[in-house]
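> With my numbering applied, the sequence shown covers 18 to 126.
Ideal Cβ placement from N, Cα and C applies to all residues, glycine included.
Keep in mind the model is a prediction, meaning the values are calculated, not measured.
The structure that follows is given in the form of structure tokens.
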Amino acid sequence: MVTDEENVFKALADKSRRQLLDQLREKNGLSLGELCEGHDMSRQAVTKHLVLLEAANLVVAVKRGREKLHYLNPVPINDIYMRWIGKFEQDRVQTLHNLKEALKENDHE
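What follows is the structure in structure tokens.
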């Protein structure tokens, strides 16, 4: 059974998919045609990448009339950050806090 996290890592492993996510980060709510601009890929290839990004919950598509607009969902990336990076950051921030407190104590002596 493939986990949500594995789907996210699989989706992020491809450079083209990361570029599509970057496009959505810069301007959210793009149509398929807009996402195809600036890529050396066919519409079908972009569509296949979008299907994987949607399966990983990194992109959410919303129909508006005849158009389908694509939006970046940063929550899965944030979840990975909190699991893999955030815990290390917390230790570093605590170390800086401890250093600050120690320097304050030295100033008062």
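1) Whole angstroms are fine: how far does the CA of Leu38 sit from the CA of Ile97?
2) Taking the beta carbon of His125 as the centre, do at least 16 other beta carbons fall within 10 Å, making it buried, or is it exposed?
3) According to DSSP, is Lys32 part of a helix, a strand, or is it coil?
4) Check the DSSP bridge columns for Lys85 and list the partner residues they point to.
5) Taking DSSP as the reference, what is the three-state secondary structure of Leu75?
6) Note down the Cα distance separating Glu22 from Leu29, rounded to an integer number of angstroms.
7) What residues in its chain sit with their C-beta under 8 Å from that of Asn95, if we drop five residues either side in the sequence?
8) Are the CB atoms of Pro93 and Leu69 nearer to each other than 8 Å?
Well, looking at it:
1) 16 Å
2) exposed
3) helix
4) Lys80
5) coil
6) 11 Å
7) none
8) no
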